[in-house]
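Protein chains in written order, with my numbering: chain Y, 140 to 253; chain Z, 6 to 116.
Quick reminder that beta carbons are idealized off the backbone N, C-alpha and C, glycines included.
Please read these numbers as outputs of a predicted model, since none were measured by experiment.
Below is one structure, written out as structure tokens; the observations come after it.
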């Protein structure tokens, strides 16, 4: 079956512009996660959605970052007024349910802010 | 604060040369410890979950073990296709579903 897909695979933007990153989770997976991976660093948790519950936004680094999940499926991560330090690979993952550490990752979106 | 430290940062082996990767962790309470494999340009791929000290899991040439303070990923007679970055992550009891990842060990297996 299809895995987690993300688009675009690469995004180059200018400082100050807004960007939207998209994630399509595995069908039937109720939990969806966003992580950020910077060069030479580990994955950094950003936000977590589980069903219709309020999302866990505790990892978002600033109020320029927001995410939504429509219809319990597709998710969009939005970064407003991008800064150079936002350059990273943004990874989306999904899992069958809450509390599962067996997360299935997409290929990521490489964001470069010039 | 939850913390995961992996060592070494990089490891170069000859094909067939067995070794171990280390993951040391500090958490207030552990729900689970996870190992993932990441190939260049791809997202991490799940390998193992360990829940309690003394637990072991095996898959092909890989075996993961867990103690109260660290986990080891043992690689027996590795092949070049085992070359990848291996990531360790912990899920604390009070974290909901978030994982805290280490920075990974980059493994290269030469033929």
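Between the CA atoms of residue 202 (chain Y) and residue 146 (chain Y) - distance to the nearest angstrom: In the first chain, residue 146 (chain Y) corresponds to position 7, counting from 1. In the first chain, residue 202 (chain Y) corresponds to position 63, counting from 1. Those two C-alpha atoms are separated by around 22 angstroms.
Own chain, CB closer than 8 angstroms to residue 152 (chain Y), minus 5 neighbours either side, in chain order: Residue 152 (chain Y) sits at position 13 when you count from the first residue of the first chain. Excluding sequence positions up to five before and after residue 152 (chain Y), its CB lies within less than 8 angstroms of the CB of 158, 221, 250, 251, 252, 253, all in the same chain and listed in chain order.
Counted within 10 angstroms of its Cβ, other Cβ atoms place residue 58 (chain Z) as buried (16 or more) or exposed: Against the second chain, residue 58 (chain Z) aligns to sequence position 53. Around the beta carbon of residue 58 (chain Z), fewer than 16 other beta carbons sit within 10 angstroms, so the residue counts as exposed.
CB contact below 9 angstroms: residue 36 (chain Z) versus chain Y: On the second chain, position 31 is the one that residue 36 (chain Z) refers to. True, the Cβ-Cβ gap to chain Y drops below 9 angstroms.
Element boundaries [beta strand (DSSP E), containing residue 149 (chain Y)]: Position 10 of the first chain holds residue 149 (chain Y). Per DSSP, residue 149 (chain Y) belongs to the beta strand (DSSP E) from 149 to 152.
contact_flag[the segment 11 to 24 of chain Z, the segment 73 to 87 of chain Z] where n(CB pairs < 8 angstroms) is 3 or more: The segment 11 to 24 of chain Z, when compared against the segment 73 to 87 of chain Z, does touch it at the 8 angstroms Cβ threshold.
Contacts around residue 225 (chain Y), its chain only, beta-carbon distance under 7 angstroms, and the 5 residues preceding and following it disregarded: Against the first chain, residue 225 (chain Y) aligns to sequence position 86. Taking residue 225 (chain Y) as the centre and dropping the five residues before and after it, the same chain places the C-beta of 218, 250, 252 closer than 7 angstroms to its C-beta, in chain order.
Nearest residue (CA-CA) to residue 200 (chain Y), options Y:185, Y:155, Y:149: Locating residue 200 (chain Y) in the first chain gives position 61, counting from the first residue. The option with the nearest alpha carbon to residue 200 (chain Y) is Y:185.
Any chain Y beta carbon closer than 9 angstroms to residue 19 (chain Z): Here the question's residue 19 (chain Z) lines up with position 14 in the second chain. Closer than 9 angstroms: no.
Where residue 49 (chain Z) falls, given that 16 or more other Cβ within 10 Å makes a residue buried: For the purposes of this step, residue 49 (chain Z) is identified with residue 44 of the second chain, where counting begins at 1. Taking all protein chains in view, the Cβ of residue 49 (chain Z) is crowded by 16 or more other Cβ atoms within 10 Å, so the residue is classified as buried.
Residue 235 (chain Y) vs residue 245 (chain Y) beta-carbon contact at 9 angstroms: Counting from 1 along the first chain, the entry for residue 235 (chain Y) is found at position 96. Counting from 1 along the first chain, the entry for residue 245 (chain Y) is found at position 106. No, these two residues do not count as a Cβ contact at 9 angstroms.
Beta bridge counterpart(s) of residue 63 (chain Z) as assigned by DSSP: Working through the second chain from its first residue, we reach residue 63 (chain Z) at position 58. The partner list for residue 63 (chain Z) (beta bridge, DSSP) reads Z:68.
Local Cβ density within 10 Å of residue 239 (chain Y), reported as buried at 16 or more and exposed below that: Numbered from its first residue, the first chain carries residue 239 (chain Y) at position 100. A residue is called buried when at least 16 other Cβ atoms come within 10 angstroms of its Cβ; residue 239 (chain Y) meets this threshold and is buried.
Partner residues on chain Y for residue 108 (chain Z), Cβ-Cβ distance less than 8 angstroms: For the purposes of this step, residue 108 (chain Z) is identified with residue 103 of the second chain, where counting begins at 1. Against chain Y, the beta carbon of residue 108 (chain Z) has neighbours under 8 angstroms at 179, 180, 181, listed in chain order.
Close beta carbons around residue 114 (chain Z), own chain, < 7 angstroms, minus the five adjacent residues each side: Within the second chain, numbered from 1, the residue matching residue 114 (chain Z) stands at position 109. Hits under 7 angstroms: 18, 20, 83, 84, 85, 87, 88.
Simplified DSSP assignment, three categories, for residue 180 (chain Y): The count along the first chain starts at 1 and reaches residue 180 (chain Y) at position 41. If DSSP states are grouped into helix, strand and coil, residue 180 (chain Y) belongs with coil.
Contiguous alpha helix (DSSP H) assignments of at least 4 residues, all confined to the segment 21 to 66 of chain Z: Listed in chain order, nothing qualifies, since the segment 21 to 66 of chain Z has no complete alpha helix (DSSP H) run of 4 or more residues.
Residue 256 (chain Y) (DSSP reduced to helix, strand or coil): Because residue 256 (chain Y) is not part of the residues shown, which for chain Y are 140 to 253, the question remains open.
Minimum Cβ-Cβ distance from residue 77 (chain Z) to chain Y less than 9 angstroms: Stepping through the second chain from its first residue, residue 77 (chain Z) is reached at position 72. With 9 angstroms as the cut-off, residue 77 (chain Z) does not count as an interface residue toward chain Y.
Sequence-distant residues of the same chain with beta carbon closer than 6 angstroms to residue 30 (chain Z), five excluded per side: Start at 1 with the first residue of the second chain, and residue 30 (chain Z) comes out as number 25. Beyond the five residues adjoining it in sequence on each side, residue 30 (chain Z) comes within less than 6 angstroms, by CB distance, of 9, 95 in the same chain, given in chain order.
Beta-carbon contacts of residue 104 (chain Z) that lie in its chain and below 8 angstroms, excluding the five residues immediately before and after: Residue numbering aside, residue 104 (chain Z) sits at position 99 when the second chain is read from its first letter. Counting only Cβ-Cβ distances below 8 angstroms, and skipping sequence neighbours, we find 39, 94, 95, 96.
As assigned by DSSP and simplified to three states, the class of residue 202 (chain Y): Here residue 202 (chain Y) refers to the residue found at position 63 of the first chain. In the structure shown, residue 202 (chain Y) sits in coil (DSSP, three-state: anything other than H, G, I, E or B).
Alpha-carbon spacing of residue 163 (chain Y) relative to residue 206 (chain Y), whole angstroms: What you label residue 163 (chain Y) is simply residue 24 of the first chain in a count that begins at 1. What you label residue 206 (chain Y) is simply residue 67 of the first chain in a count that begins at 1. In a straight line, the C-alpha of residue 163 (chain Y) is about 13 angstroms away from that of residue 206 (chain Y).
Where residue 235 (chain Y) meets chain Z, residues with beta-carbon distance less than 8 angstroms: Taking the first residue of the first chain as position 1, residue 235 (chain Y) is located at position 96. Near residue 235 (chain Y) there are no residues of chain Z at all, since even the closest Cβ is about 11 angstroms away, more than 8 angstroms.
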